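Given below as structure tokens:
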């Protein structure tokens, strides 16, 4: 019979139970590095537990961003942790896959056949939008200088845009002319353009999926109005389409909506791969309809990574895994797969819209049809409801739901609304549970009226 030596029980337990380790029995340093190293499993477990204090991503109905990915994405991301997207000489196949993605998007958005479009990946649609804005400014400035005219007062015209456009205008010294909303409108209307554009307008931004309400602005009608303005004044004003979300929805759910490079006036399109493109966080895309629409002065040739390569970006090093994951999704889902995913989301959004419409105190602003898979609504009688939508958000958060409440932009800032986004991974059963909790919250708030205040309340930053 074999003989075995016993081990000290305390030492054995210390090795196997991270919550009896010395580290777990003390408050960890938060703003300074500790004096010495600690076991990786112990630190991992402690941080894992601390992160449980974050909201549950599956219940975050405020974000447009991907919150669920399949196992193939997880494996590829893990294999690409060490790949630097900017280092195209060292990782030529990653660069090739990026180029394939640009071609796929140019084709998806109906770039003219027989032309050489151009584009690149970015860290998200905000960076992509800024690159599109820079190209608009550079082209306008070059044209003005060629005509012997001043080029010191550029402006950009848009409706209710995401904050990235405000950043672009401030960072790159462009006047942002944000057109106020007309009564009953949720986005830029073509007849408003004439009062806001002029010879110094570098472009008009049209939104395919307004951040506030999730419907589409009428891109074709905006382009047609700019055609009319050019005939009248001679101003050739291009359109940039901010399709952060809609660029991966409209081609599959609304193929008859003309918003993309089928319109000659559309010079460039940006989108988020990590929103309805279904890729993990950290990838966006910008595509120009033809290569000459990207001024050569904006492109840098870098040779200190081992090869000569052109680059156009606001940052430098960034991971390549998200681009690989995007290409994986293009191949795995195809057009039919993307269509099924987005249709399932749209069907769930329309189910939710019907439930909210029948609940009593709400008026729908957007019912989930014709735009993004989402629902937006307001209180029919804010003064007489006995509660605000901010109160409702707080009540829903007790059940883990993150449902944003915020006012519409000027001139409809008196309208406070809520928005629910339906993404891949948000199931019909999950939304049925939301409906049940929403109904219970309304009943509770109606039975316990809250003092209505006009003081501004914090909302969500999406």
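Numbering (my numbering), first residue to last: 2 to 463.
Backbone N, C-alpha and C define an ideal beta-carbon position, used for all residues, glycine too.
These figures come from a predicted structure and were not determined experimentally.
Just the C-alpha distance for residue i and residue j, rounded to the nearest angstrom, thanks.
i           : j           : result
residue 446 : residue 423 : 25 Å
residue 349 : residue 27  : 47 Å
residue 441 : residue 131 : 43 Å
residue 137 : residue 230 : 18 Å
residue 327 : residue 272 : 12 Å
residue 159 : residue 199 : 13 Å
residue 53  : residue 45  : 13 Å
residue 259 : residue 248 : 12 Å
residue 461 : residue 57  : For residue 461, the predicted structure reports a pLDDT of 49, less than 50, and the residue's modelled location is therefore unreliable. A value from the coordinates is still provided. Their backbone Cα atoms lie some 15 Å apart in a straight line.
residue 449 : residue 392 : 11 Å
residue 65  : residue 233 : 40 Å
residue 35  : residue 319 : 28 Å
residue 336 : residue 343 : 11 Å
residue 396 : residue 80  : 42 Å
residue 213 : residue 433 : 23 Å
residue 463 : residue 151 : Only weak support is given to the placement of residue 463: the predicted model assigns it a pLDDT of 45, under 50, and the question is left unresolved by the model.
residue 410 : residue 322 : 36 Å
residue 97  : residue 49  : 36 Å
residue 430 : residue 405 : 21 Å
residue 285 : residue 436 : 33 Å
residue 378 : residue 29  : 44 Å
residue 236 : residue 269 : 18 Å
residue 401 : residue 117 : 48 Å
residue 250 : residue 37  : 50 Å
residue 134 : residue 253 : 27 Å
residue 164 : residue 89  : 31 Å
residue 188 : residue 92  : 42 Å
Spell out the partners DSSP gives residue i in its beta bridges.
i           : result
residue 243 : 208, 271
residue 302 : 311
residue 85  : 320
residue 288 : 120, 270
residue 45  : None; residue 45 has no bridge partner.
residue 217 : 209
Select from the options the residue whose C-alpha is nearest the C-alpha of residue i.
i           : options            : result
residue 451 : 389, 101, 194      : 389
residue 22  : 34, 37, 47, 378    : 47
residue 101 : 295, 207, 122      : 122
residue 197 : 185, 215, 216, 223 : 223
residue 427 : 289, 368, 352      : 352
residue 312 : 287, 399, 323      : 287
residue 194 : 106, 184, 201, 180 : 180
residue 70  : 114, 274, 171, 33  : 274
residue 40  : 72, 31, 25         : 25
residue 83  : 38, 163, 325       : 325
residue 357 : 301, 419, 338      : 419
residue 67  : 279, 161, 252, 38  : 279
residue 294 : 316, 267, 303, 256 : 267
residue 128 : 170, 361, 382      : 170
residue 281 : 329, 265, 367, 104 : 329
residue 161 : 421, 355, 443, 414 : 414
What residue range is occupied by the uninterrupted beta strand (DSSP E) comprising residue i?
i           : result
residue 422 : 417-422
residue 156 : 156-159
residue 376 : 375-380
residue 282 : Where residue 282 is concerned, there is no enclosing beta strand (DSSP E), given that its DSSP letter is neither H nor E.
residue 363 : 363-367
Tell me the residue span of the alpha helix (DSSP H) that contains residue i.
i           : result
residue 145 : 126-147
residue 237 : Taken as a continuous stretch (DSSP letters only), residue 237 belongs to no alpha helix (DSSP H), as it is neither H nor E.
residue 100 : 93-109
residue 121 : Element bounds for residue 121: not the alpha helix (DSSP H) but the beta strand (DSSP E), 119-123.
residue 20  : Neither: residue 20 is in no alpha helix (DSSP H) and is coded neither H nor E.
residue 450 : First-last for residue 450: undefined, no H or E at that position.
residue 343 : 322-358
residue 253 : 251-254
residue 80  : 72-80
May I ask you to report which of helix, strand or coil DSSP gives residue i?
i           : result
residue 461 : Only weak support is given to the placement of residue 461: the predicted model assigns it a pLDDT of 49, under 50, and the question is left unresolved by the model.
residue 175 : coil
residue 50  : helix
residue 406 : strand
residue 166 : helix
residue 202 : strand
residue 57  : coil
residue 391 : helix
residue 224 : helix
residue 5   : coil
residue 183 : coil
residue 444 : helix
residue 192 : helix
residue 248 : helix
residue 295 : coil
Determine, using beta carbons only, whether residue i comes closer than 9 Å to chain C.
i          : result
residue 47 : The structure shown contains no chain C; it is built from a single protein chain.
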